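J.:
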Amino acid sequence: MPACIDLRKSHLHRRHGDLLAIYTWINGERALVLVPGMRPKSPWYVVMESAAYLYDDPAYLARMCKKACEVLGLPSGRPHWVRVATIIHEGLPDLVAMPCEPPWEHQGREFGSLVVTLDGKEIAAQALTVPDTGAEYVPV
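Under our numbering, the residues of the sequence shown are numbered 73 to 212, in order.
What follows is the structure in structure tokens.
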């Protein structure tokens, strides 16, 4: 299944020198995306929430940060992967604490608009939505 990423709809972003850490959702799952800020069209490194617990293991963290440096086009030396490891490890609490879904996704579906006019001029308008009440039991 292809990944659906819209970085304009991020929850949070932080600049770490030439790297940008973006906290967003990919296919409905929370994700930390590392993007080279100064090199357009460069590959990104993504940490999904479902794999976040693995990054608490120092050996796994070191191995993945070396891979992240390779993906992001950074030199493979120890200072660079330690920097990436610090960004990821310090960002995990923010990743886990962010909302499960974007706030605009559960506002309800819009099915029309209400427009109030006075003498042919619009004086007020409001979107009509069906509130998202979550799952409910409907007997057959």
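Where a beta carbon is used, it is the ideal one built from N, C-alpha and C, also for glycine.
None of the values given here were measured: they were computed from a predicted structure.
Who pairs with W97 in a beta bridge, going by DSSP?
T.: Numbered from its first residue, the sequence shown carries residue 97 at position 25. For W97, which the question treats as bridged, DSSP gives the partners R102.
J.: Going straight from the alpha carbon of E162 to that of L200, what length do you get?
T.: What you label residue 162 is simply residue 90 of the sequence shown in a count that begins at 1. What you label residue 200 is simply residue 128 of the sequence shown in a count that begins at 1. C-alpha separation (whole angstroms): 41 Å.
J.: Pull up the DSSP beta-bridge partners for E182, would you.
T.: Your numbering for residue 182 matches position 110 in the sequence shown. Paired residue(s): T201.
J.: Check whether the segment 107–127 and the segment 150–170 touch, using three or more Cβ-Cβ pairs below 8 Å as the test.
T.: The segment 107–127, when compared against the segment 150–170, does touch it at the 8 Å Cβ threshold.
J.: Can you tell me the Cβ-Cβ gap for V143 and P115, rounded? I've got them flagged as a contact below 8 Å.
T.: Stepping through the sequence shown from its first residue, residue 143 is reached at position 71. Stepping through the sequence shown from its first residue, residue 115 is reached at position 43. Between P115 and V143 the Cβ distance is about 5 Å, and since that is below 8 Å, they are a contact.
J.: In this structure, does DSSP put P165 in helix, strand or coil?
T.: Reading the sequence shown from its first residue, position 93 is the one you call residue 165. Looking at P165 - three-state DSSP - the assignment turns out to be helix.
J.: Is it right to say M110 is buried, meaning 16 or more other beta carbons lie within 10 angstroms of its own, or is it exposed?
T.: As a position in the sequence shown, residue 110 is number 38, starting the count at 1. With fewer than 16 Cβ atoms within 10 Å of its Cβ, M110 is classed as exposed.
J.: Out of curiosity, what's the CA-to-CA distance linking N99 and V105?
T.: Here residue 99 is taken as the residue at index 27 of the sequence shown, counted from 1. Here residue 105 is taken as the residue at index 33 of the sequence shown, counted from 1. So the two alpha carbons sit approximately 13 Å from each other.
J.: Output the boundary residues of the alpha helix (DSSP H) element that contains Y125.
T.: Your numbering for residue 125 matches position 53 in the sequence shown. Taken as a continuous stretch (DSSP letters only), Y125 belongs to no alpha helix (DSSP H), as it is neither H nor E.
J.: What number of angstroms, rounded off, separates the C-alpha of E182 from the C-alpha of A197?
T.: Residue 182 sits at position 110 when you count from the first residue of the sequence shown. Residue 197 sits at position 125 when you count from the first residue of the sequence shown. Straight-line Cα distance between these residues: approximately 13 Å.
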